[in-house]
Structure formats: C-alpha cells, structure tokens
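Participant:
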Amino acid sequence: MASGKSIDSDPFADPTSMQDERATIVESTLSVGRNATLTLGTDAVIVLGTVSPLSLPCETDANLFSNADEGIHDTAARQFSCCGLIPERTTSTRSIPYFNILWAELVKNDLTVRYAQPTSKSPKAPLRVAYINYTLDDSSFSQDKATRWVKRLLDRAYGTAQRNKRIKLLINPFGGQGKAEKLYSKWTEPIFAAARCEVDVERTTYSGHAVEIAQNIDINAFDVLVSASGDGLPHECFNGLARKPNAAEALRKVAIAQLPCGSGNAMCWNLYGTGECSMAALCIVKGVRSPMDLVSVTQGDKRTLSFLSQSLGIVAESDLGTEHVRWMGGSRFVYGFLVRLLGKTVYPIDIAVKTEIEDKMDIKRHYAHYRNKATTPNSINLADLDGPLDASTGLGLPPLEHGTINDPLPTDSGWSALTPYDNMGNFYCGNMNIMSADAPFFPASVPSDGLCDLITIDGDISRLTSLSLLLAVEKGTFFDKDVVRIRKIKALRVYPRYGRHGVAPPKQSHLGKLFDKLGLSGSGSTEKAVRGDGGFFSVDGEKLPFEPFQLECHKGLGTVLSRHCGLYQADGPAGWDSLSVSNDDNSQQEEGDSL
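Per the numbering used here, the sequence shown starts with residue 224, numbered consecutively.
1) Which first and last residues belong to the beta strand (DSSP E) in which Phe415 is found?
2) Return the residue from the list Ala339, Ser534, Ala369 and Cys776 that minimises the CA-CA distance to Asp333.
3) For Tyr357 and Thr383, I'd like the C-alpha separation in whole angstroms.
4) Which same chain residues, not among the five before or five after Ala403, have their C-beta less than 7 angstroms away from its C-beta?
5) To the nearest whole angstrom, what separates the beta carbons of Gln792 and Leu494, a pair I think is in contact under 8 angstroms?
6) Mind checking who Gln481 pairs with in its DSSP beta bridge?
7) Check whether the Cβ atoms of Gln533 and Pro768 sit closer than 8 angstroms, and answer yes or no.
8) For Val804 and Arg594, I'd like the C-alpha separation in whole angstroms.
9) Is Tyr590 helix, strand or coil when you go by DSSP?
10) How about the stretch 685-695 and the stretch 712-725: do they share at least three Cβ pairs that are nearer than 8 angstroms?
11) What residues match up with Arg906 in a beta bridge as DSSP calls it?
12) With H, G and I counted as helix, E and B as strand and the rest as coil, what does DSSP make of Arg379?
13) What span of residues does the beta strand (DSSP E) with Leu474 cover, start to end?
14) Taking Cβ positions, are Ile709 and Ile574 nearer each other than 8 angstroms?
15) Determine the DSSP secondary structure at Leu392, reduced to helix, strand or coil.
16) Shortest alpha-carbon distance to Ala527 belongs to which of Val783, Gly653 and Ala465?
17) For Pro468, which of Pro633, Arg723, Thr428 and Asp441 has the nearest alpha-carbon?
18) Considering only the beta carbon of each residue, do Gly455 and Ile436 sit closer than 8 angstroms?
19) With 16 as the cutoff for other CB atoms within 10 Å, does Ala471 come out buried or exposed?
20) Taking three-plus beta-carbon pairs below 8 angstroms as touching, is the stretch 768-782 in contact with the stretch 656-664?
21) Can you give me the start and stop residues for the alpha helix (DSSP H) that Pro633 sits inside?
22) Should the stretch 669-685 be regarded as contacting the stretch 624-639, the criterion being three or more beta carbon pairs within less than 8 angstroms?
23) Does any residue of chain B bring its CB to less than 8 angstroms from the CB of Ser315?
24) Is Pro346 helix, strand or coil by DSSP?
25) If you draw a straight line from the C-alpha of Leu377 to the C-alpha of Phe665, how long is it?
26) For Ile323, count the other beta carbons within 10 Å of its own beta carbon; 16 or more makes it buried, fewer makes it exposed. Which is it?
27) Looking only at C-alpha atoms, which of Arg375, Glu250, Thr411 and Met515 sits nearest to Leu392?
28) Taking all protein chains shown into account, do 16 or more other C-beta atoms lie within 10 angstroms of the C-beta of Leu253, making it buried, or fewer, making it exposed?
29) If you run the structure through DSSP and keep just helix, strand and coil, what is His777?
30) Which residues bound the alpha helix (DSSP H) around Phe322?
31) I'd like the list of long-range same chain contacts for Leu406, defined as Cβ closer than 6 angstroms, with 5 residues on each side in sequence excluded.
32) May I ask you to list the residues that DSSP assigns as paired with Leu261?
33) Would you list the one or two residues that DSSP bridges to Leu674?
34) Going straight from the alpha carbon of Thr568 to that of Pro514, what length do you get?
35) Could you tell me the distance, in whole angstroms, from the CA atom of Leu620 to the CA atom of Leu531?
36) Is it true that the CB of Thr316 sits closer than 8 angstroms to the CB of Val255?
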C-alpha cells in the first residue's frame with residue numbers, strides 16, 4: 224500500500240476545481256506522435272518530442288523549404304543506424320513564444336504551426352519564418368480536439384490583435400540609403416505571407432506620392448497603411464488621410480505603421496522598440512490598434528498634421544542642414560548637432576505657449592499616472608471603428624480650438640503673452656518619446672494624453688554643457704538637466720526673428736563662422752541658410768516653409784499599431800516609477816486615459 228496520500232484523498236480539495244484544472248491541462252496538451260506533445264503554456268507553446276542523437280537534421284532536406292518557410296519537421300525524425308544498431312532516442316523540449324506564432328492550421332490530420340525564429344542568439348538578430356509540422360496518428364487522432372487546440376493557440380498568439388490584416392504597403396525605393404526594396408523582400412514579405420496577411424504593394428516615385436495614395440485609399444478595403452521607409456512616408460500618409468472629406472473616420476479606421484528602411488525610423492522605435500525590419504514586421508502582424516495624438520501645424524492658410532516632432536534652431540539645422548551627408552545614416556544628425564553646437568548659434572523668436580504642466584516633478588507624476596493606467600489597456604474595438612462617429616466631431620478634421628496663426632493671439636486661461644526669446648538655441652516640440660535610435664529626447668511623452676512636450680534650451684550656454692546634453696540624451700539624464708526647460712503644452716505660437724524674418728542672421732561665435740568658411744556647416748553657410756533660404760523649420764523631419772506657425776495637439780486623432788496599446792516602448796523619465804500617484808493626481812489625465 225502506498226504510504227503517500229494522493230491529491231484525490233485531500234479532504235480540503237475542491238473536486239470541481241480539480242476537475243476543471245485537469246480538463247484545462249488535457250485541452251492544452253495535444254499528442255502529436257509517440258512521446259511527442261504540444262502544450263499551451265503560460266507565454267509559449269511547449270514542444271516536447273523524441274529525437275535521435277544520430278537523426279539527420281531536417282534542415283538538410285531541401286524538400287521541406289519554401290520561399291517563406293525555413294523549418295523543422297518534428298514528426299519524421301529520420302533515423303539511420305550505424306553497423307545495424309538502432310540509436311537511442313532522447314527527449315528534447317523547447318518553447319515558441321506566443322508573440323512569435325504567425326499562424327497554425329489543421330488540414331485533415333496534418334498540423335502546421337508557422338512562427339518567426341531568430342537567426343542567432345543575439346537579441347538584435349533578424350527573424351526568419353520557420354515551421355513545425357506533424358502528421359497526426361490516425362489511431363489516436365481527434366479532429367475536434369485538434370481543431371479546438373489550434374483555435375486556442377491562435378487566440379493566445381493574437382490576443383486582441385486583428386488577424387489576417389489587410390495591408391496597403393508603400394515602398395520608398397529612394398529613402399534612407401536606398402535599401403527599402405531589398406529589406407522588404409528579404410525580411411518582411413515572408414513574415415506577412417506566413418501570417419496570412421493580404422498585402423497590396425505600391426512603390427512611391429516622387430515626393431508627395433504617398434499623400435495622393437493615402438488620399439485616394441479605400442478605407443473599407445485596408446486595415447493598415449504601412450510605409451517601408453523613414454519617417455517621411457508616415458508623415459505623408461497621415462496628411463493624405465487628412466485630405467479626405469471623411470478625414471476623422473479615415474484616420475480612425477486606417478492604422479499607420481512603418482517598416483524601418485530610412486535614417487531615423489522613429490515610429491518603429493517608439494511603437495515596436497526596434498530598428499530591424501523583420502521584428503517590425505512581426506510587431507505589425509501582432510500590433511494592436513491604438514489611438515495617437517496628432518498635431519496641427521498652421522502656416523498662412525495651410526494646415527499640416529504632424530505625428531512626431533516640430534523644431535527650430537539647432538535640431539532643425541542638424542536634421543535638414545545635413546542632407547549632403549545622408550550617406551552617414553542616423554549619424555548625420557549627431558554630426559550636424561556637434562558642428563552647430565560648437566558654433567554657439569542663437570535663433571531669436573517671439574513665442575506664446577498654452578502650458579498645461581511645467582514643473583518637472585509634476586510632469587513625472589503625470590507620466591506615472593498615465594503609465595499606471597495604461598498597464599492593462601484595451602485595444603480599439605473594431606466594431607466601434609465601423610460604427611458611426613460622434614456627431615459632435617463631424618467627419619472632417621476637428622476644428623482648431625485655438626484658431627490659426629492668422630487669428631489674434633488667444634487670451635484663454637493658460638496662454639502666455641507673446642514673449643521675446645532672444646537667445647533661443649533649441650526649440651524642440653515632440654509627440655513621441657524617441658526621435659531616433661538611442662535618442663529619447665522626450666522621455667515623458669505618451670501616445671494619447673492630448674499634450675505635446677516642448678523643450679527649449681538657450682543657445683549661449685557653454686560648449687561643455689552643450690556636449691554634456693548630447694551625451695545625456697542616450698544616458699536618460701537629459702530630462703533632469705537644469706538648462707533643459709520642458710513643458711507639457713496644448714498649443715503654441717512662434718514668430719521667428721532671424722533670417723528673412725529679422726534684420727540679421729543668427730548670432731554666431733568666431734568658431735561658428737570658421738565652420739562656415741570651411742564648409743562644415745552643411746548647406747553653404749549659416750548666414751546663407753537662414754538669410755537666403757529663410758532658415759529651417761522641421762516637421763517630422765520634413766522641411767516646411769520658414770515662417771510663423773501655430774501648433775495645436777489633438778488627442779487620439781490618429782491610429783497606429785503598437786505592441787502595447789497606450790504605451791511607447793521606452794523607459795520614461797528617470798524616477799517616475801518611484802513616485803506615489805493618487806487617484807486625484809492629474810485629474811485632467813482621467814479623461815485623457817479613456818481610450
């Protein structure tokens with residue numbers, strides 16, 4: 224007689240609960256052969272199989288491969304014997320994360336699971352499509368159970384993410400370093416195919432082409448508009464949708480996504496946490512629909528939408544003034560920044576701001592409040608997207624609450640007076656956290672709080688301090704620097720007072736003038752750039768006219784695909800997670816968190 228008690232003999236055990244647990248285990252495990260099972264674990268599929276040490280690896284069998292598949296055929300471990308001896312079989316166990324599962328299907332008694340597999344152990348390794356395949360034994364095969372198992376696998380693999388996305392994909396063959404076409408065909412196309420996505424590919428041939436494509440897209444035919452490019456094409460896509468008569472509906476129904484094929488790729492870094500094409504493709508496949516703030520930029524009678532950033536001064540000069548070294552990739556920004564930083568150039572402006580939060584600790588509390596509420600967010604419901612819009616919003620773009628640059632300066636509560644800023648060195652307004660790889664300029668930025676983050680830095684600070692700021696961005700200490708002024712704002716207005724809007728070019732140090740003479744400043748000289756060409760005003764990395772402008776942030780106007788709804792793939796400002804945030808803090812955020 225066994226001395227130990229079985230679980231069944233436990234007088235305190237709940238028989239119903241135990242039966243449910245056993246049933247769950249039974250339903251989660253699928254027998255796929257002798258001593259071989261597939262089990263639905265907490266975060267991954269557990270693959271348990273018998274493998275002979277002398278079995279030929281299936282990867283050597285060319286018949287098992289297709290253009291989209293590089294996998295193993297676990298059921299048929301093809302044994303061979305040495306001197307007539309049967310090799311001993313051993314058991315191997317491995318796991319496939321649900322996030323990497325692309326598709327699973329059961330055709331008669333043939334089960335195939337396709338997934339994205341890293342090409343090496345490096346965390347930055349690209350992904351290739353692989354598969355496991357089993358021909359289930361007729362003697363023990365249960366069609367109903369296998370069908371239920373596949374359904375549960377796909378439910379866990381996709382969660383709230385939409386399956387079989389209908390993708391309109393735009394390729395900019397000239398963007399970045401001109402590698403978009405090759406990157407797509409080699410690393411992205413197989414993943415979309417394995418995930419059973421419908422993809423319609425179109426190549427852009429001129430500047431503004433993506434605007435026209437987005438403007439004419441059938442919003443009922445596609446779920447997502449993907450750009451294989453840098454950040455320029457997503458900018459065009461948002462503005463193309465904005466030109467539709469039903470712009471608000473279009474921006475809500477068609478999500479915008481990016482494959483990182485350019486220099487900056489900020490959208491990918493923020494939403495997917497990667498600058499690698501195959502991982503970005505996987506994130507698009509598994510991406511959940513998420514609302515994101517967009518910013519209206521008004522100049523004259525024109526209104527432009529911005530999803531990323533708006534800048535004057537050293538950042539705009541470093542970006543738009545370094546087109547001649549585009550071959551440097553993302554490093555060209557650092558190059559341009561250093562050259563202009565050492566020149567100690569200032570860019571005088573007049574500015575009025577509608578500030579919502581100014582104290583840095585209050586900004587961190589705002590971020591903590593938002594982040595804590597977004598840890599268990601709900602994706603946008605597809606049924607809601609197909610339903611009618613709120614009649615109060617109309618079908619076009621939302622009205623400008625604070626008017627345009629042509630209107631009198633607003634005097635609403637929160638607006639400052641128009642204030643001279645004679646020694647402005649850097650004006651940088653951001654709607655995302657990361658501007659390029661390792662450049663989280665706006666660590667407190669969140670996707671949909673209805674606010675932008677405004678950074679202003681004086682241009683006459685010491686060169687040593689300026690250099691320390693550049694290093695602080697990557698280290699995550701930039702936010703807390705005393706010389707960095709950061710505000711959460713709703714709107715602002717700027718009048719440049721240099722270049723063709725002033726009586727003199729920006730003030731430079733002697734070293735800055737020397738850089739100009741040596742041709743190191745980029746587009747000719749600083750004086751020529753700002754006096755003859757009018758200076759640089761950058762919106763999402765695109766050059767807009769250098770003239771007065773007004774910004775206004777619209778909460779959740781756009782839709783994107785993200786790994787986690789309501790969150791960027793970024794750490795946030797240092798120390799935010801140690802702050803105590805009560806339910807009463809940032810009452811404005813309560814409304815902003817209603818996704």
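Just so it is clear, CB atoms sit at the ideal spot from N, CA and C, and this is done for glycine as well.
Facilitator: Per the coordinate set shown:
1) The residue you call residue 415 lines up with position 192 of the sequence shown. Counting along the chain, Phe415 falls outside any beta strand (DSSP E), though it belongs to the alpha helix (DSSP H) covering Glu412 to Ala417.
2) Here residue 333 refers to the residue found at position 110 when the sequence shown is read from its first residue. Of the listed residues, the one whose Cα sits closest to Asp333 is Ala369.
3) Within the sequence shown, numbered from 1, the residue matching residue 357 stands at position 134. Within the sequence shown, numbered from 1, the residue matching residue 383 stands at position 160. If I take the Cα positions, the gap works out to 28 angstroms.
4) If you number the sequence shown from 1, residue 403 lands on position 180. Answer for Ala403: Ile394, Asn395, Pro396, Ala451, Ser452 and Cys484, listed in chain order.
5) Translated into positions along the sequence shown, residue 792 becomes position 569. Translated into positions along the sequence shown, residue 494 becomes position 271. Between Leu494 and Gln792 the Cβ distance is about 7 angstroms, and since that is below 8 angstroms, they are a contact.
6) In the sequence shown, counting from the first residue as 1, residue 481 sits at position 258. In DSSP, Gln481 forms a bridge with Ser450.
7) As a position in the sequence shown, residue 533 is number 310, starting the count at 1. As a position in the sequence shown, residue 768 is number 545, starting the count at 1. No, Cβ-Cβ distance for Gln533 and Pro768 is not below 8 angstroms.
8) Start at 1 with the first residue of the sequence shown, and residue 804 comes out as number 581. Start at 1 with the first residue of the sequence shown, and residue 594 comes out as number 371. The alpha-carbon atoms of Val804 and Arg594 are separated by roughly 11 angstroms.
9) Start at 1 with the first residue of the sequence shown, and residue 590 comes out as number 367. Helix at Tyr590.
10) no
11) Lying outside 224 to 818, the shown extent of the chain, residue 906 is not represented and no answer is given.
12) Position 156 of the sequence shown, counted from the first residue, corresponds to residue 379. Here Arg379 sits in helix by DSSP.
13) Stepping through the sequence shown from its first residue, residue 474 is reached at position 251. It is not in any beta strand (DSSP E) - Leu474 instead sits in the alpha helix (DSSP H) that spans Ala470 to Lys476.
14) To locate residue 709, count along the sequence shown from 1; it is residue 486. To locate residue 574, count along the sequence shown from 1; it is residue 351. No, these two residues do not count as a Cβ contact at 8 angstroms.
15) Reading the sequence shown from its first residue, position 169 is the one you call residue 392. If DSSP states are grouped into helix, strand and coil, Leu392 belongs with the strands.
16) Residue mapping note: residue 527 aligns to position 304 of the sequence shown, counting from 1. The sequence as given places Thr at residue 527; Ala does not occur at that position. Selected option, being the one with the closest Cα: Ala465.
17) Reading the sequence shown from its first residue, position 245 is the one you call residue 468. Considering only alpha carbons, the answer is Asp441.
18) Translated into the one-based positions of the sequence shown, residue 455 becomes position 232. Translated into the one-based positions of the sequence shown, residue 436 becomes position 213. Going by C-beta atoms, Gly455 is not nearer than 8 angstroms to Ile436.
19) Position 248 of the sequence shown holds residue 471. Classification for Ala471: buried.
20) no
21) Residue numbering aside, residue 633 sits at position 410 when the sequence shown is read from its first letter. That residue, Pro633, is in no alpha helix (DSSP H); it is neither H nor E in DSSP.
22) no
23) As a matter of chain content, chain B is missing from the structure shown, which is built from one protein chain.
24) Taking the first residue of the sequence shown as position 1, residue 346 is located at position 123. Of the three classes helix, strand and coil, the one that applies to Pro346 here is coil, per DSSP.
25) As a first step, residue 377 is located in the sequence shown; it is residue number 154 there, counting from the start. As a first step, residue 665 is located in the sequence shown; it is residue number 442 there, counting from the start. Taking the straight line joining both Cα atoms gives about 36 angstroms.
26) Counting from one through the sequence shown, the residue named residue 323 turns up at place 100. Reading off the sequence, residue 323 comes out as Asn, not Ile. Burial call: buried.
27) Residue 392 sits at position 169 when you count from the first residue of the sequence shown. Closest by alpha carbon: Thr411.
28) Residue mapping note: residue 253 aligns to position 30 of the sequence shown, counting from 1. Label assigned to Leu253: buried.
29) Sequence index remark: in the sequence shown, residue 777 carries index 554 (1-based). Looking at His777 - three-state DSSP - the assignment turns out to be strand.
30) Position 99 of the sequence shown, counted from the start, is the residue given in the question as residue 322. Note, Phe322: premise wrong, no alpha helix (DSSP H); not H, not E.
31) In the sequence shown, residue 406 corresponds to position 183, counting from 1. Closer than 6 angstroms at the Cβ level, and outside the excluded window around Leu406, lie Cys484 and Cys500.
32) For the purposes of this step, residue 261 is taken as residue 38 along the sequence shown, with counting starting at 1. Answer is Leu253 and Val270, bridged to Leu261.
33) Position 451 of the sequence shown, counted from the start, is the residue given in the question as residue 674. Beta-bridge pairing links Leu674 to no other residue.
34) Within the sequence shown, the letter at position 345 stands for residue 568. Within the sequence shown, the letter at position 291 stands for residue 514. In a straight line, the C-alpha of Thr568 is about 38 angstroms away from that of Pro514.
35) Indexing the sequence shown from 1 puts residue 620 at position 397. Indexing the sequence shown from 1 puts residue 531 at position 308. Distance between the alpha carbons of Leu620 and Leu531: 18 angstroms.
36) Here residue 255 is taken as the residue at index 32 of the sequence shown, counted from 1. Here residue 316 is taken as the residue at index 93 of the sequence shown, counted from 1. It is not a contact, given that the beta carbons lie outside the stated cut-off.
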